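Whatever position you read off the sequence shown (first residue = 1), add 7 for the working numbering. Heads up: the structure comes next, in structure tokens.
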Amino acid sequence: MIISIKELLNSENYGNKVNVKGWVRTKRGSKNVAFIALNDGSTINNIQIVVEVNEQNENILAKIHTGASISVDGELVKSEGKGQNVEINSIKIEILGESNPDEYPLQPKKHSLEFLREIAHLRFRTNTFGAISRIRHAMIFAVHSFFNERGFCNVHTPLITASDAEGAGEMFRVTTLPAKDAPTNEEGNVDFSNDFFGRETNLTVSGQLEAELAAMALSKVYTFGPTFRAENSNTTRHLAEFWMIEPEAAFYDINDNMDLAEDMLKYCVKYALDNCKEDIEFLSKRLQEEEKTKPQNERSQELIEKLNFVLENNFERVTYTEAIDILRNSKPNKKKKFQYIIDGWGADLQSEHERYLVEKHFKKPVILIDYPKEIKSFYMKQNDDGKTVRAMDILFPGIGEIVGGSQREENYDKLVTRMNEMGVPTKDMNWYLDTRKFGTVPHSGFGLGFERLMLFVTGMGNIRDVIPFPRTPKNAEF
Ligand code: 4AD
Ligand code: MG
Numbered sequence: 008m009i010i011s012i013k014e015l016l017n018s019e020n021y022g023n024k025v026n027v028k029g030w031v032r033t034k035r036g037s038k039n040v041a042f043i044a045l046n047d048g049s050t051i052n053n054i055q056i057v058v059e060v061n062e063q064n065e066n067i068l069a070k071i072h073t074g075a076s077i078s079v080d081g082e083l084v085k086s087e088g089k090g091q092n093v094e095i096n097s098i099k100i101e102i103l104g105e106s107n108p109d110e111y112p113l114q115p116k117k118h119s120l121e122f123l124r125e126i127a128h129l130r131f132r133t134n135t136f137g138a139i140s141r142i143r144h145a146m147i148f149a150v151h152s153f154f155n156e157r158g159f160c161n162v163h164t165p166l167i168t169a170s171d172a173e174g175a176g177e178m179f180r181v182t183t184l185p186a187k188d189a190p191t192n193e194e195g196n197v198d199f200s201n202d203f204f205g206r207e208t209n210l211t212v213s214g215q216l217e218a219e220l221a222a223m224a225l226s227k228v229y230t231f232g233p234t235f236r237a238e239n240s241n242t243t244r245h246l247a248e249f250w251m252i253e254p255e256a257a258f259y260d261i262n263d264n265m266d267l268a269e270d271m272l273k274y275c276v277k278y279a280l281d282n283c284k285e286d287i288e289f290l291s292k293r294l295q296e297e298e299k300t301k302p303q304n305e306r307s308q309e310l311i312e313k314l315n316f317v318l319e320n321n322f323e324r325v326t327y328t329e330a331i332d333i334l335r336n337s338k339p340n341k342k343k344k345f346q347y348i349i350d351g352w353g354a355d356l357q358s359e360h361e362r363y364l365v366e367k368h369f370k371k372p373v374i375l376i377d378y379p380k381e382i383k384s385f386y387m388k389q390n391d392d393g394k395t396v397r398a399m400d401i402l403f404p405g406i407g408e409i410v411g412g413s414q415r416e417e418n419y420d421k422l423v424t425r426m427n428e429m430g431v432p433t434k435d436m437n438w439y440l441d442t443r444k445f446g447t448v449p450h451s452g453f454g455l456g457f458e459r460l461m462l463f464v465t466g467m468g469n470i471r472d473v474i475p476f477p478r479t480p481k482n483a484e485f
């Protein structure tokens, strides 16, 4: 059986004969003894291999460099050195895969995140990406565990779809038609009846509409899958391919929905603090080093403090109208420091406004509700004022929008009217409208951008660094 380095480091079975396998982080030592720091990704910590240099292993040792993979048979012993409890006295070392030190791009020193993005196939081997990868796994697990504990049923919604759930037209087409000389119809447009699915299809931007169908029978459901958006946003918070968690619950109103979202975020943050301590501590130190280069007033809160702060405070629930008043009278607005000046009701909020509300005004996470219907999707429940819809966006420090959701319009006539007003084709969406025809019920849901949650929990500043292989405009390598 393969024992992980994490297990070995926690073991007290001194004197046991063990085998350990992993990748060499560093090798140092003298003529007589060599020390190898070995890592297998099970933990941020390396195990130290102590090798007495002799005639048999001299040649092997000379070939062991940073990046090489090795297998070591040895004895687990109590370590005299500081920073570790155990180490391994090597009896036999075998090289599984050599690594040429002149070509291996990862040196035992700090590399920039930009450089690491260019070698995404190897960056898993750095402390930073090891930590992020393990936290990412823990957060996936926490999400499923949260919903499972609350009786939500996980449903898989399709990735290939003919509908545009958000109505924003930012979709990637899926086709098997030839790129050159695709068949056209009488009007000269591409004839999709000849395409694979016999119609125009895209990669999904959201699993919500299908999740709503399932909620109309199973009551509490959630999807957790990849979503694709062809929006040309080259920012630190946008990906063209990101993962989204979308719960949908029958009989939930907007308040139940807000409670659910707040509970979920707190559950995930607590899970990370309880289960990813070493990795978060490492990232916190890393972040503090980076913050030192910034002026005092631009430095962000220490990571663990920031995570605890979210756990300990209720999210502030504020209407869009109240938020606009706050923003209109704010210093950066009056002094024209915002890139987009807020001059009246109806304006769409930019990330600079969201962050002002969270970081400067309320100084805690904020849930904004009751947005103007013009800036929100067709499916949101219309309020009696005729102007606003029952939307809820959760805004987080350093991130801005982390969750977007709403109570849904369950009234058939109101929904169809709104779809027509917004130019959403009702013709192909009978399957969606049927839920409002047969036993419709009030219901609500939201979407959490998984990588935005990852940004928050890891304290990383760029979304490209919290997903193994980011997809962004003009970039689909690996
Ligand atoms: O606000 P959005 O567009 O809402 C929906 O898609 C709804 N169908 C959700 C629902 O009610 N079921 O997206 C939801 C969240 C955002 O709050 C943000 O966290 C994330 O998804 N998100 C992105 N994350 C990374 N890159 C992008 N391009 C993103 N666009 C949205
Ligand atoms: Mg949104």
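Ideal placement from N, C-alpha and C gives every residue a C-beta, glycine not left out. The structure displayed is predicted, hence computed values, not measured ones.
With a cutoff of 7 Å on beta-carbon distance, GLU173 and SER358 are scored as not near each other. Scanning its chain for C-beta atoms nearer than 6 Å, with the 5 sequence neighbours on each side dropped, one finds around PHE403 the residues PRO372, ILE409, PHE463, in chain order. C-alpha of GLU288 to C-alpha of ARG143: approximately 15 Å in a straight line. Under the DSSP assignment, SER307 falls outside any beta strand (DSSP E); it carries neither an H nor an E label. For ASP472, the closest of ILE95, ARG35, LEU16, LEU120 by C-alpha to C-alpha distance is LEU120. Its Cα nearest to that of THR208, the residue SER170 stands out among LEU83, ALA145, SER170. Shown here, PHE445 sits in coil according to DSSP, grouped into three states, outside any helix or strand. In this structure, the ligand 4AD has no non-hydrogen atom nearer than 6 Å to the beta-carbon of VAL473.
Its chain contains GLU323 as the residues whose beta carbon lies nearer than 6 Å to that of PHE369, once the 5 sequence neighbours on both sides are disregarded; these appear in chain order. If you check the CB distance, SER49 and ILE12 come in under 7 Å. Those residues that have a beta carbon less than 7 Å away from any non-hydrogen atom of the ligand MG are, in order along the chain, ASP400, GLU408, GLY411. Partner residues in the beta bridge of TYR378, as assigned by DSSP, are VAL396. DSSP places ASP263 in the uninterrupted alpha helix (DSSP H) bounded by 261-282. PRO339 carries a helical assignment under DSSP once its states are collapsed to helix, strand and coil.
Judged by their CB atoms, ASP80 and ASN134 are not nearer to each other than the 7 Å cut-off. For the pair GLU65 and SER37, the Cα-to-Cα distance works out to about 12 Å. Taking the C-beta atoms as reference points, TYR229 is found nearer than 7 Å to PHE159. Here the alpha carbons of LYS394 and ASN427 stand approximately 17 Å from one another.
Taking C-beta separations shorter than 8 Å and ignoring five residues to either side along the sequence, the partners of ASP377 in its chain run THR326, TYR327, THR328, ASN390, THR395, VAL396, ARG397, ALA398, following chain order. Annotated as distal: MET265 and PHE153, with beta-carbon spacing of 7 Å or more. Remark: C-beta atoms of GLU253 and GLY446 do not approach each other more closely than 7 Å.
Excluding the 5 residues flanking it on each side, PHE136 has same chain C-beta neighbours closer than 6 Å at ARG130, in chain order. For MET251, the beta-bridge partners assigned by DSSP are GLY232, GLY456.
If you look at LEU184, you'll find it isn't in any alpha helix (DSSP H); DSSP assigns it neither H nor E.
Segment contact: the segment 295-304 against the segment 274-286, fewer than three CB-CB distances shorter than 8 Å; contact not assigned. DSSP links SER76 through a beta bridge to TRP30, GLY104.
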